[in-house]
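In the UniProt record's numbering, the protein residues as written are 1 to 114.
Here's the structure we're looking at; comments come further down.
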C-alpha cells in the first residue's frame, strides 16, 4: 500500500534531514584509516586508534581541530561553487529565450570579412 504526502504538509526540516557533523575522533579515525594494515581486523584497529586518540596532548588536538575546520570550510566553499555552476536554466525562462534568439540571429547573419 502506498501513502502519498502532499508537499505543503511537510515542513522544511522534514523534507531534507540534516546530517550530523562528524566529531573530532571520527575525523581523526578517518585520517588514520590510511595507515591500517590490510590484515588487521577493523575492530582491533578501531581500538588501537581510540587508544592513540586518548593519548594525544590537548595542543595536538587543538591543532587537528583547526586543520579539520579549515578542510571543512574549503569543502563547503567548493560545494557551494559547484552548486551555483551546475544550475540548470528553466525551459520557459524569458532571459534564456532572448539569449537563444540572439545566438540564432548571430549564427545566421552573414560574416563580413574585410
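Here a beta-carbon is modelled for each residue, glycine too, at the ideal position from N, C-alpha and C.
Which of helix, strand or coil DSSP assigns to residue 39: Residue state for residue 39 is assigned as coil, using DSSP reduced to three classes.
Cutoff 6 Å; reference residue 32; Cβ partners in own chain excluding five residues on either side: Closer than 6 Å at the Cβ level, and outside the excluded window around residue 32, lie 49.
Validate contact between the segment 65-85 and the segment 36-47 using beta carbons, cut 8 Å, 3 pairs: They do not touch, by the three-pair rule.
Beta-carbon contacts of residue 55 that lie in its chain and below 6 Å, excluding the five residues immediately before and after: Around residue 55: no qualifying Cβ.
Pair within 9 Å by beta-carbon distance, residue 21 and residue 67: No, these two residues do not count as a Cβ contact at 9 Å.
Under 9 Å between C-beta atoms of residue 24 and residue 61: A contact, by the Cβ cut-off of 9 Å.
Test item: CB-CB of residue 29 and residue 53 under 9 Å: In contact: residue 29 and residue 53 (Cβ atoms closer than 9 Å).
Residue 26, enclosing alpha helix (DSSP H) - first and last residue: Start and end: 24-32.
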